[in-house]
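Engineer: One structure is given below, represented as structure tokens, and several questions about it will come after.
2 protein chains.
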Amino acid sequence: MDFTSIIGNVAALLTTISFLPQAIKTIKTKDTGSLSFPMYLLFVTGVTLWLVYGTLNNQMPIIVGNLVTLVLAGIILGFMVKGKFTKRFRGGL
Amino acid sequence: MDFTSIIGNVAALLTTISFLPQAIKTIKTKDTGSLSFPMYLLFVTGVTLWLVYGTLNNQMPIIVGNLVTLVLAGIILGFMVKGKFTKRFRGGL
């Protein structure tokens with residue numbers, strides 16, 4: 031593997047696993063107060079399209095990387111949606 | 031432009047601009063309490079390496095996309111570092 035490919039692989043690994051500590055923190059604390067809902071909505075939609083792109087092009091690294099990111103970012107978005115519903119329900123009482 | 035390329039371009043656009051609402055929220059509220067510091071450290075490092083990768087390969091879309099993401103994620107990381115220093119300083123008084 032040449033130098034450029036190594037850089038690309040390390041870059042892909044870092045940006046993919048970066049959502050792991052955020053997912054762990056969100057699961058532990060259930061606090062999504064300073065997270066941006068539109069960010070996660072745009073990001074999850076974008077990563078889903080990357081997954082479609084990788085599948086159409088049959089590019090396994092794009093498929094695997096974006097699948098991992100989709101699961102992690104999806105967990106975080108799930109907590110935010112859950113938080114919004116809980117808040118609305120409490121507000122209604 | 032074929033269908034697959036359109037999907038790829040929309041995917042790139044969405045994942046790139048997704049950090050804009052988070053950066054705006056962080057600038058406005060200065061609240062980074064539920065953001066993960068390791069996430070932004072890994073992510074900013076990864077995006078920097080993507081920038082190096084794009085430059086070495088002379089791929090303008092990778093360069094431009096990651097430059098925008100780097101600025102946005104860098105602003106958020108900056109607020110987190112600033113918050114950590116302020117907290118430590120206050121703690122020392």
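Line by line, the protein sequences give chains A and B.
Quick note, my numbering runs 30 ahead of the 1-based positions in the first sequence.
Quick note, my numbering runs 30 ahead of the 1-based positions in the second sequence.
In this text, a Cβ means the ideal position worked out from N, Cα and C, and glycines have one as well.
Note that this is a predicted model, so its numbers are computed, not measured.
The alpha helix (DSSP H) spanning residue 81 of chain B covers which residue range?
Structural biologist: By 1-based counting over the second sequence, the position of residue 81 of chain B is 51. Taken as a continuous stretch (DSSP letters only), the alpha helix (DSSP H) holding residue 81 of chain B covers 67-87.
Engineer: Quick one: using the 10 Å Cβ neighbour count with 16 as the cut-off for buried, is residue 96 of chain B buried or exposed?
Structural biologist: As a position in the second sequence, residue 96 of chain B is number 66, starting the count at 1. By the neighbour-count rule (16 or more Cβ atoms within 10 Å), residue 96 of chain B is buried.
Engineer: For the segment 44-58 of chain B, list every residue whose C-beta sits within 9 Å of some C-beta in chain A, in sequence order.
Structural biologist: Cβ contacts with chain A come from 44, 45, 46, 47, 48, 49, 50, 51, 52, 53, 54, 55, 56.
Engineer: Taking all protein chains shown into account, do 16 or more other C-beta atoms lie within 10 angstroms of the C-beta of residue 52 of chain B, making it buried, or fewer, making it exposed?
Structural biologist: Position 22 of the second sequence holds residue 52 of chain B. Burial call: buried.
Engineer: What residues of chain A sit near residue 88 of chain B, judged by a beta carbon separation below 9 Å?
Structural biologist: Here residue 88 of chain B is taken as the residue at index 58 of the second sequence, counted from 1. Correct list: empty, because the minimum Cβ distance to chain A is about 10 Å.
Engineer: For a cutoff of 7 Å on Cβ pairs, would you count residue 68 of chain A as touching chain B?
Structural biologist: Walking along the first sequence from the start, residue 68 of chain A turns up at place 38. Chain B contact via Cβ: present.
Engineer: In chain B, which residues lie less than 7 Å from residue 79 of chain A when you measure between Cβ atoms?
Structural biologist: In the first sequence, counting from the first residue as 1, residue 79 of chain A sits at position 49. Correct list: 37, 40, 41, 44.
Engineer: Here's the rule I'm using: 16 or more other beta-carbon atoms within 10 Å means buried, otherwise exposed. How should residue 92 of chain A be labelled?
Structural biologist: The sequence position of residue 92 of chain A within the first sequence is 62, counting from 1. It counts as buried.
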